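Working notes for the structure below.
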Amino acid sequence: MSTEKKKKFIIDVTYLALILVLSYLLLQYALPLLLPFVLAFLIAYVLRRPIRFLSRVLHAPKGLVAVLLVVLTYGTIGLLLALAGIRITATITSLVQQIPSLYSAYILPELTDFFAWLEELLAKLDPSLMSALQELQSQLLNMLWQLVSSLSVVLVGGVSIATSFATSLPGFLIRLLLMVISTFFIAVDYQKIVRFCLGCLQGSTRNLVLQVKAYVVGTLFVCIRSYALIMSITFVELSVGLTLIGVNRAILVALLIAIFDILPVLGTGGIMIPWVILSALGGDLPHAFALLVLYVIITVIRNIIEPRIVGAQIGLHPVLTLMSMFVGNHLFGIVGLFGLPILLSLLRYLNDNGTISLFPASALGRADTETSR
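Be aware that the sequence shown starts at 1372, since it is given in the working numbering, and climbs by one per residue.
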């Protein structure tokens, strides 16, 4: 390797390390502080074309259209979140209230019949064990009843969580107010703000920023398309599985679970696991086992296809996609889950274009199927 190539390699590696360090510091420290303004800018960016279109069609001032669209957007988001919160709270409360009655109606009779059968068996084999069995039965039933009764502690914990949320509510409302006000100002003067920011950059830096912006926006839409495909596959799996199990309105239930599956933290398990537990508590063990098998199948298939589909769409190898999603989620949560694969895809794109030179062209890309054969 010549001296010039060594210098270029060192510069490129330093450049990459600087990008990674700055990205980490930005996501870890700066983003929480600037999050209201970042979200405001993103919402204004999404609304810029509808604002321009309605202003031209209605012959109305762009500022007025921007204000109305921002109000409509936040109003719709707030209404949907409120309805979802009310529904989730009512469902959880109803389930918690039903558990003691389910215990008394299903679990207790089954346990009583089991111990009665066991008493008859032991009476024939060894009557001296009867007293020990009766004591064990009493202890087990008392333990289960205490477990069911302790659900009130969970409700008390929910009250403490609500109290903690109420304590942090003023800070949340301040951030929300800042975001709404910022969205108004940015939406009205979006073009002016963008022109000012670009005007502060030099020619090559400006071209790089525009290039990065175009690629990142395109990649985000590609990621949305990828997860829409994953959600569709999950919906088909759930529809077939729930229909075979015999669940009422299987298609509708599958659709709701597939939509819930988008959430990275909860996912399908957020609905399927409680469903399995409630079915088992209700005494319907075959139904609970069938739901558990369906959940395991869906989880395994998702873990296989997700890195492949997302990696194929953004041009990364499935292993690299899976690793970046895991590391990103561990370091930055939901933002890192999506952000780190996009960052690696951006580095691959800039490297292939010759903007930077860190590794051989397409080294981060998809596996060469011909070579693998």
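Note that the Cβ used here is the ideal one computed from N, Cα and C, for glycine as well. Remember, predicted model here, so these are calculated numbers, not experimental data.
Determine the closest residue to residue i out of the options, with distance taken between C-alpha atoms.
i               : options                            : result
leucine 1693    : Phe1592, Val1417, Leu1708          : Leu1708
valine 1551     : Ala1411, Ala1661, Lys1563          : Ala1411
isoleucine 1390 : Val1681, Gly1446, Leu1714, Gly1725 : Leu1714
methionine 1602 : Leu1626, Ile1459, Glu1481          : Leu1626
leucine 1413    : Arg1673, Leu1452, Tyr1395, Ala1558 : Ala1558
threonine 1670  : Thr1374, Ile1628, His1658          : Ile1628
valine 1417     : Ala1476, Leu1600, Asn1724, Val1588 : Val1588
lysine 1433     : Ala1651, Tyr1445, Ile1685, Arg1420 : Arg1420
isoleucine 1668 : Arg1620, Val1706, Phe1606, Gly1699 : Phe1606
isoleucine 1675 : Ile1604, Leu1662, Gly1699, Arg1620 : Ile1604
cysteine 1346   : Val1384, Ala1401, Leu1454, Gly1682 : Past the boundaries of the shown model lies residue 1346; the chain is included only from 1372 to 1744, so the question cannot be answered.
isoleucine 1672 : Glu1608, Trp1488, Ile1457, Leu1591 : Glu1608
alanine 1487    : Pro1407, Ser1509, Leu1549          : Ser1509
glycine 1699    : Ile1622, Ala1415, Ser1394          : Ser1394
alanine 1661    : Thr1614, Val1624, Thr1462, Ser1575 : Thr1614
CA-CA distance, residue i and residue j?
i              : j               : result
arginine 1546  : leucine 1404    : 9 Å
leucine 1544   : isoleucine 1616 : 46 Å
aspartate 1351 : glycine 1638    : Nothing in the structure corresponds to residue 1351, since the chain is present only between 1372 and 1744.
lysine 1376    : leucine 1711    : 28 Å
proline 1657   : valine 1664     : 11 Å
tyrosine 1598  : glutamate 1481  : 44 Å
alanine 1476   : isoleucine 1448 : 41 Å
arginine 1423  : lysine 1584     : 20 Å
alanine 1415   : arginine 1458   : 30 Å
What does the Cβ neighbour count give for residue i, buried or exposed, with the cut at 16 atoms within 10 Å?
i               : result
arginine 1566   : exposed
glutamine 1399  : exposed
leucine 1569    : exposed
threonine 1374  : exposed
glycine 1725    : exposed
threonine 1464  : exposed
valine 1611     : exposed
asparagine 1578 : exposed
valine 1618     : buried
threonine 1385  : exposed
In its own chain, which residues sit with a C-beta less than 7 Å from the C-beta of residue i, not counting the 5 before and 5 after it?
i             : result
arginine 1679 : Pro1689
tyrosine 1586 : Leu1717, Tyr1720
valine 1706   : Leu1398
Sorted by chain position, which residues of the same chain lie with C-beta nearer than 6 Å to residue i's C-beta, five sequence neighbours on each side aside?
i              : result
valine 1441    : Thr1554, Phe1555, Ala1558
glutamine 1562 : none
Give me, in chain order, the residues of the same chain whose beta-carbon lies closer than 8 Å to that of residue i; leave out the 5 immediate sequence neighbours on both sides.
i              : result
tyrosine 1666  : Thr1639, Gly1640, Met1643, Ile1644, Val1647
leucine 1572   : Val1580
alanine 1651   : Ala1659
threonine 1742 : With a pLDDT of 40 at threonine 1742, under the threshold of 50, the modelled position of that residue is not reliable, and no figure is offered here.
leucine 1402   : Val1409, Val1706
tyrosine 1445  : Val1551, Thr1554
Considering only heavy atoms of the ligand SAM, does any lie closer than 7 Å to the CB of residue i?
i               : result
isoleucine 1633 : As presented, the structure is devoid of all ligands, the ligand SAM included, so that no description of it is given.
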